[in-house]
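Visitor: In my numbering, the protein residues as written are 228 to 507.
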Ligand SMILES: NC(=O)c1ccc[n+]([C@@H]2O[C@H](COP(=O)([O-])OP(=O)(O)OC[C@H]3O[C@@H](n4cnc5c(N)ncnc54)[C@H](OP(=O)(O)O)[C@@H]3O)[C@@H](O)[C@H]2O)c1
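1) What are the start and end residues of the beta strand (DSSP E) that includes residue 392?
2) Using the Cα positions of residue 260 and residue 298, report the straight-line distance between them to the nearest angstrom.
3) Evaluate residue 312 with the Cβ neighbour count: other Cβ atoms within 10 Å of its Cβ, from every protein chain shown; 16 or more gives buried, anything less gives exposed.
4) Between residue 275 and residue 231, what straight-line distance do the alpha-carbon atoms span, to the nearest angstrom?
5) Assign residue 482 to one of two classes, buried (16 or more other C-beta atoms within 10 Å of its C-beta) or exposed (fewer than that).
6) Please report how far the alpha carbon of residue 469 lies from the alpha carbon of residue 379, in whole angstroms.
7) Is residue 337 closer than 7 Å to residue 351 when the C-beta atoms are compared?
8) Assuming contact is defined by CB atoms lying nearer than 7 Å, are residue 272 and residue 247 in contact in what I supplied?
9) Rounded to the nearest angstrom, what separates residue 255 and residue 485 at their Cα positions?
10) Keeping to the same chain, check which residues put their C-beta closer than 6 Å to that of residue 498; ignore five residues upstream and five downstream.
11) If you reduce the DSSP assignment to three classes, tell me which class residue 406 lands in.
12) Go to residue 317, then tell me how far its alpha helix (DSSP H) extends in each direction, as first and last residue.
13) CA-CA distance, residue 392 and residue 346?
14) Quick one: is the Cβ of residue 290 within less than 6 Å of any heavy atom of ligand 1?
15) Could you check which residue in 375, 376, 389, 331 has the C-alpha nearest to that of residue 359?
16) From the DSSP output, which residues share a beta bridge with residue 241?
17) What are the complete alpha helix (DSSP H) segments, minimum 4 residues, inside the stretch 256–287?
18) Determine which residues share a DSSP beta bridge with residue 420 and list them.
19) Using only the alpha-carbon positions, how far apart do residue 490 and residue 438 sit?
20) With distance defined between alpha-carbon atoms, name the residue in 415, 409, 249, 399 nearest to residue 450.
21) Beta-carbon within less than 7 Å of residue 395's beta-carbon, same chain only, minus the 5 sequence neighbours each way: which residues are those?
22) Starting from residue 367, trace the beta strand (DSSP E) both ways and give me its first and last residue.
Structure representation (structure tokens):
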């Protein structure tokens, strides 16, 4: 198994290009042990970027993460997200403290605004910077921000401190390649790609299966490798199945050549023109 490629965050921190998602975890207490074991396996294999949110399972996913990272905090880069309605000057601090309590850690590596709400960005940035100064988060970022949102953010004092924008991006959803991705590249802002397997749909895509079979790989592996090979994209697939976790980890061993890239572009082209950012 080759080492995982790494992505450099704006402050120079390196994180693996493949991490672990937790959206549908923490909903059912009976599944928590299995879910935490799948996450812990992913960590064992080096996928130490772990994405969660206060929203997932109403805090339950953060509790699953706590189980998975117990005793190994220093190995893991923990990301959580605040609800837009909790992103105010005081409410963001309280929400972060609740997340830390559920995660049983004293600092988040990255705290994201889950999507844009009504609270002014300046207020959220001020709250994030307060959290950073107090040592409760190491850095902050945003999610589901389109170009206009990022331009507004950059105009706010401290807005350019943003460490990433987590957005929907996978072979079947390439709209960001028109405007958002070039904007982010110009501003050296790495992408965190959510739903990298199209919420599982790419796994059973026939065109992708045919291309993957030619490489001796699975569709999931090709979909993940296509993202991770870009250099500034982190993908956070979710799985509670240990066999899937192992297979996902192997994705970046796949060698990409021009022919495979061309075949993927032909079967999964970006949309014909710019469109608003797609969200889930
Ligand atoms: N910021 C946002 O607004 C936002 C929105 C959505 C998601 N997210 C984040 O992104 C993460 C990933 O997105 P997602 O969970 O929606 O979708 P995803 O990662 O694209 O797909 C997950 C699905 O794929 C299956 N799967 C995973 N690996 C597989 C493999 N090797 N072979 C076959 N099936 C496989 C999983 O089932 P098994 O458990 O059976 O493997 C699960 O059903 C989330 O968990 C969350 O952390 C963020």
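Cβ coordinates follow ideal geometry from the N, Cα and C atoms, glycine included.
Guide: Looking at the coordinates:
1) 392–395
2) So the alpha carbons of these two residues sit roughly 16 Å apart.
3) exposed
4) 10 Å
5) exposed
6) 42 Å
7) no
8) no
9) 44 Å
10) The residues are 402.
11) coil
12) Residue 317 -> no alpha helix (DSSP H), and no H or E assigned at all.
13) 18 Å
14) no
15) 389
16) 235
17) 259–271
18) 394, 462
19) One C-alpha to the other measures close to 8 Å.
20) Here the closest residue by C-alpha is 399.
21) Within the same chain, and ignoring the five residues on either side of residue 395 in sequence, the residues whose Cβ sits closer than 7 Å to its Cβ are 421, 422, 505, 506, 507.
22) Taken as a continuous stretch (DSSP letters only), the beta strand (DSSP E) holding residue 367 covers 367–370.
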